[in-house]
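Worksheet for the structure shown next.
Residue numbers (the numbering used here): 46 to 420.
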């Protein structure tokens, strides 16, 4: 485990090891290199190995859209289902880096993110993938952007630049920023954000063809990990992360502003609806706001395990997924929750609705499709 990976692990908590030090938790190794005999190969230069074992391996992220589903995991594993999660096949990935997150975007676009600052894009719903960002490109982007600002006398840019240079020096591969990305959202107009460890935040206005660093615009001087990006129906954008971090985009100022919440622990996600916001995370903590994040109320999850997903099904129905595999249903916009009788399997790291009454779970032992007893 290299020094960067040890540093990233500072906030590792049960149920999130797969996101922060995926290989260390699941495979017993982490970093930016694969060892093969006496040779060391850069995982950014080695495509993922196609193996039937990938269908039973740990999955860290999952997404579903229009009858298609994607799941990602360690060493570049990408799984695709063309029948809403019933059958899966492994798809060729151009890297062997550990992947953390997968998202469907506008149209047929899909994104896969991971360690070593990997960002993969598919323009055909996950059938084929190309690399649009990695640790080499990110280091060059940040060095150029913040170097120019630092040379112009911007002290904050100088601090960011020093952090970036130190992290690259500690990387197992010189000139690679090994930080993982955790979430992405790019809307149908091509505007969006990319977020990750140690306050990584990038902004795009051209669908991800180019990115502008926004690290200093997140009101995140301590460089807390950013785990989630959530757009709102009215065009807003929220961030969620470590130590109670919730931020809201101020478009006029072109930066994010702090949102106060009742919790100082880690938020792993935030879900936005037309009349509510739900922030959720560590140790069963979940909070709802019905007034645009001005005030928050606690939601009783009945568990001290981490909440890994809060899925809004509309008409006041919410589905919560707990790290242990427990699934909770609320029919009253979160005022109360009921535990559903569902099959229990391995630890859950992510979840997505595959249909009105079907739920996809990314588990430590593969992908699971379960039918929810909602009636």
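Built from N, CA and C at the ideal position, the CB exists for glycine as well. If you're wondering where the values come from, they're calculated on a predicted model, not measured in any experiment.
Asked                                                                                                                                                                                             : Found
Taking only beta-carbon atoms, is residue 322 less than 8 angstroms away from chain D?                                                                                                            : Included in the structure is just one protein chain, with no chain D present.
Going by DSSP, what residue range makes up the alpha helix (DSSP H) through residue 194?                                                                                                          : 180-196
Rounding to the nearest angstrom, what Cα-Cα distance links residue 337 and residue 273 in this structure?                                                                                        : 18 angstroms
Measuring alpha carbon to alpha carbon, tell me which of 153, 210, 119 and 349 ends up nearest residue 189.                                                                                       : 210
What are the uninterrupted segments assigned as beta strand (DSSP E) that are 3 or more residues long and contained completely in the stretch 90-122, given in chain order?                       : 106-110 and 113-117
How long is the line joining the alpha carbons of residue 251 and residue 152, rounded to whole angstroms?                                                                                        : 15 angstroms
Skipping 5 residues on each side, what residues in its chain have a beta carbon closer than 8 angstroms to that of residue 128?                                                                   : 112
I think residue 356 touches residue 398, with their Cβ atoms under 8 angstroms apart; what is that distance to the nearest whole Å?                                                               : 5 angstroms
Which residue marks the beginning of the alpha helix (DSSP H) containing residue 215, and which one marks its end?                                                                                : 200-215
Alpha carbon to alpha carbon, what distance is there between residue 232 and residue 195?                                                                                                         : 31 angstroms
Quick check on the DSSP output: the beta strand (DSSP E) that includes residue 334 runs from which residue to which?                                                                              : 331-334
How big is the Cα-Cα spacing for residue 497 and residue 142?                                                                                                                                     : Nothing about residue 497 can be reported from this structure: the residues present for the chain run from 46 to 420 only.
Starting from the N-terminal side, write out each stretch of the beta strand (DSSP E) that is 3 residues or longer and does not extend beyond the stretch 228-314.                                : 237-241, 246-249, 271-276, 282-286, 291-295 and 300-303
Measure the C-alpha to C-alpha separation of residue 313 and residue 107 and round it to an integer number of angstroms.                                                                          : 15 angstroms
If you draw a straight line from the alpha carbon of residue 217 to that of residue 207, how long is it in whole angstroms?                                                                       : 18 angstroms
Which whole-angstrom value is the C-beta distance of residue 184 and residue 220, which I expect to be below 8 angstroms?                                                                         : 6 angstroms
Determine the DSSP secondary structure at residue 408, reduced to helix, strand or coil.                                                                                                          : strand
According to DSSP, is residue 419 helix, strand or coil?                                                                                                                                          : coil
Between residue 321 and residue 380, what straight-line distance do the alpha-carbon atoms span, to the nearest angstrom?                                                                         : 12 angstroms
For residue 344, which residues from the same chain have a beta carbon less than 6 angstroms from its beta carbon, with the 5 sequence-adjacent residues on both sides left out?                  : 331, 333 and 379
If you measure between the beta carbons of residue 342 and residue 329, is that distance less than 8 angstroms?                                                                                   : no
Can you find the residues in the same chain that come closer than 7 angstroms, C-beta to C-beta, to residue 388, ignoring five residues on each side of it along the sequence?                    : 415
Is residue 358 helix, strand or coil when you go by DSSP?                                                                                                                                         : strand
Determine the DSSP secondary structure at residue 124, reduced to helix, strand or coil.                                                                                                          : strand
Would you call the CB atoms of residue 239 and residue 229 closer than 8 angstroms?                                                                                                               : yes
Hey, out of 144, 126, 353 and 401, whose CA is closest to residue 323's CA?                                                                                                                       : 353
Within 10 angstroms of its Cβ, does residue 96 collect 16 or more other Cβ (buried), or is it exposed?                                                                                            : exposed
Straight-line CA distance for residue 226 to residue 375?                                                                                                                                         : 31 angstroms
Tell me whether residue 292 is buried or exposed, calling it buried when 16 or more other Cβ atoms sit within 10 Å of its Cβ.                                                                     : buried
With a 10 Å radius around its C-beta and 16 neighbouring C-beta atoms as the bar for buried, classify residue 421 as buried or exposed.                                                           : This structure gives no information on residue 421, because the portion of the chain shown stretches from 46 to 420.
Give the secondary structure of residue 327 by DSSP, where H, G and I count as helix, E and B as strand, and everything else as coil.                                                             : helix
Could you name the residues of the same chain whose beta carbon sits closer than 8 angstroms to that of residue 403, not counting the 5 residues immediately before and after it, in chain order? : 129, 130, 414, 415, 416 and 417
Measure the Cβ-Cβ separation of residue 186 and residue 258 and say whether it is below 8 angstroms.                                                                                              : yes
Tell me, please, which residues DSSP counts as bridged to residue 156.                                                                                                                            : 148 and 166
Using three-state DSSP, classify residue 137 as helix, strand or coil.                                                                                                                            : coil
Whose C-beta lies closer than 6 angstroms to the C-beta of residue 317 among residues of the same chain, with five residues either side of it excluded?                                           : 275 and 277
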